[in-house]
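Residue numbers (this note's numbering): 17 to 499. Ideal Cβ placement from N, Cα and C applies to all residues, glycine included. Quick caveat: nothing in here was measured; it's all calculated off a predicted structure. Step one of this worksheet: look at the structure below.
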């Protein structure tokens with residue numbers, strides 16, 4: 017064990033590397049424990065219910081719509097089979113991959129004898145607001161971050177095939193993992209001595225990504241290719257301009273976006289600049305999306321935090337004498353501590369705001385006022401959760417009723433209404449006062465139902481309509497007016 021590493025750090029610090037990681041992980045898990053509650057927003061409830069469908073013998077892409085490759089859904093189905101619908105276990109599939117990703121890259125820092133950079137990386141990655149916000153919800157992004165981080169770790173360790181393989185697995189979680197590959201491919205291609213590594217890198221990616229995609233396309237045809245590929249080009253523009261979303265994320269996470277700018281001043285190694293380029297490529301990719309959702313910014317975080325950690329570690333290492341070096345280290349520590357504390361505070365405030373406090377009461381109402389064979393239908397973020405809690409099924413297995421499916425033209429409102437009218441066991445429709453439910457033809461359909469219960473929540477009321485004895489008003493007879 018060396019007394020002094022090239023990038024700074026001492027033998028005593030080396031002995032503390034995993035205890036320090038465990039300490040950081042404990043703080044991260046404590047914050048995550050505050051987010052294990054039901055929510056009435058986001059996509060996680062959809063995926064929990066889809067996992068249950070798989071375990072009931074339904075087939076993804078044939079029996080229900082899913083807009084990404086299936087790897088994340090298979091993981092949730094395995095958890096559901098082992099633990100049933102267990103909220104903590106389901107949410108753990110979101111935050112445990114983040115810890116594994118952090119451990120993989122933290123280990124690389126120590127392998128490169130830059131323990132100081134590893135500790136900075138941990139602080140930046142685990143305790144920034146955007147990651148804390150997203151890593152409670154198993155939407156696939158967190159699992160993609162794990163594979164991207166494993167790919168980055170393999171790239172930095174000079175293992176192109178394994179880097180490509182992990183990249184391909186990430187793309188089987190979501191196609192949003194694809195941009196990462198541009199930076200290492202360019203690194204290999206532009207260096208004559210490195211060019212021979214490009215083949216193994218691409219071969220690793222192809223080995224993971226191509227067989228699965230070709231098999232799924234052959235088995236399901238357009239039922240796979242349309243939702244997974246075409247759908248994302250058919251989505252309508254978002255309510256907020258991409259620039260507004262981008263600006264909001266930067267303002268909420270200034271340290272993550274400002275500190276990487278230190279890298280070119282203190283570390284100009286080709287590998288380091290490649291990681292920085294990967295972060296820039298991802299940000300450019302996100303800026304091109306419309307609609308753009310803030311949760312997508314979790315994808316470039318490993319690259320941005322790695323870049324910042326290398327830059328800050330290099331800056332501290334420039335001070336040869338202990339007093340100024342310790343002063344620089346303490347300044348970095350103070351910045352990270354202030355940033356992490358503020359991020360944690362805002363994260364906890366958000367969790368209190370998005371909590372679905374009356375989920376149990378709403379599920380009990382459904383359970384007590386319906387038979388086990390009765391069906392539910394309705395709003396995408398709420399209905400799947402109430403179906404799981406009440407032991408009811410969703411009509412037609414039409415789980416994903418995201419407004420974008422209707423606006424993209426892939427889901428016809430008239431056909432959905434026709435399906436509902438043919439469902440003899442349809443009992444409750446669960447909606448919010450928002451499109452498409454407060455507009456024709458759904459509002460016209462609801463006009464024939466009875467408003468049975470209203471559950472106020474912080475983000476808007478949840479309305480449950482009883483359609484068991486639905487009347488059929490004359491055509492053009494108006495629609496339900498939400499009170």
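Contact between the segment 328 to 343 and the segment 282 to 293 is present: 3 or more CB-CB pairs across the two stretches fall below 8 Å. For the pair residue 404 and residue 123, the CB atoms are not nearer than the 8 Å cut-off.
Distance check between residue 132 and each of 275, 174, 247, 327 places 327 closest, using alpha-carbon atoms only.
Short of 8 Å from the beta carbon of residue 364, and not among the five residues preceding or following it, lie these beta carbons of its own chain, in chain order: 47, 50. The three-state reading of DSSP puts residue 409 in strand, counting E and B together. Excluding five sequence positions before and after residue 232, the CB atoms of its chain that fall closer than 6 Å to its own CB belong to 240, given in chain order. Cβ contact annotation for residue 371 (same chain, cutoff 6 Å, sequence separation greater than five): 53, in chain order. About 12 Å separates the beta carbon of residue 136 from that of residue 350, a gap too long to meet the 8 Å contact definition.
Residue 466 is bridged by DSSP to 482. Residue environment for residue 220: buried (at least 16 other C-beta atoms within 10 angstroms of its C-beta). When DSSP reads this structure, residue 444 sits in a beta bridge with 392, 482. Fewer than three beta-carbon pairs drawn from the segment 97 to 113 and the segment 285 to 292 are found closer than 8 Å, and the two stretches are therefore not classed as touching. The count of Cβ pairs closer than 8 Å, one atom from the segment 152 to 171 and one from the segment 109 to 117, reaches three, so the stretches are in contact. According to the DSSP secondary-structure assignment, residue 76 is paired through a beta bridge with 80.
Between the C-alpha atoms of residue 217 and residue 166 there is a straight-line separation of about 13 Å.
The alpha carbon of residue 45 has as its nearest neighbour, out of 426, 360, 398, 476, the alpha carbon of 360. Take residue 299, set aside five residues on each side of it, and the residues of its chain with a beta-carbon closer than 7 Å to its own are 316, in chain order.
Look at the beta carbons and you see the segment 195 to 207 not touching the segment 239 to 256: under three pairs across the two are nearer than 8 Å. Of the candidates 176, 174, 141, 177, 141 places its Cα closest to the Cα of residue 162. Under the 10 Å beta carbon count, residue 377 is surrounded by fewer than 16 other beta carbons and is classified as exposed. DSSP places residue 313 within a helical segment (H, G or I) once states are collapsed to three.
Residue 146 and residue 479 have their alpha carbons spaced roughly 31 Å apart. Rounded to the nearest angstrom, the gap between the Cα atoms of residue 228 and residue 184 is 10 Å.
In the three-state DSSP reduction, residue 471 falls in the strand class (E or B). Our two residues, residue 55 and residue 401, have alpha carbons roughly 9 Å apart in a direct line. Residue 55 carries a strand assignment under DSSP once its states are collapsed to helix, strand and coil.
DSSP places residue 421 in the helix class (H, G or I) of the three-state scheme.
The three-state reading of DSSP puts residue 371 in strand, counting E and B together.
Note on geometry: alpha-carbon atoms of residue 461 and residue 470 lie some 18 Å from one another. Around the beta carbon of residue 102, fewer than 16 other beta carbons lie within 10 angstroms, which makes this residue exposed. Contact check for residue 441 and residue 391: beta-carbon distance about 5 Å, within the 8 Å limit, so the pair qualifies.
Counting C-beta pairs closer than 8 Å gives fewer than three between the segment 168 to 181 and the segment 249 to 262, which falls short of the contact rule. Scanning its chain for C-beta atoms nearer than 6 Å, with the 5 sequence neighbours on each side dropped, one finds around residue 421 the residues 427, in chain order.
Contact annotation: residue 187 and residue 293 have beta-carbon atoms that are not nearer than 8 Å. Residue state for residue 32 is assigned as coil, using DSSP reduced to three classes. Beyond the five residues adjoining it in sequence on each side, residue 307 comes within less than 7 Å, by CB distance, of 251, 253, 254 in the same chain, given in chain order.
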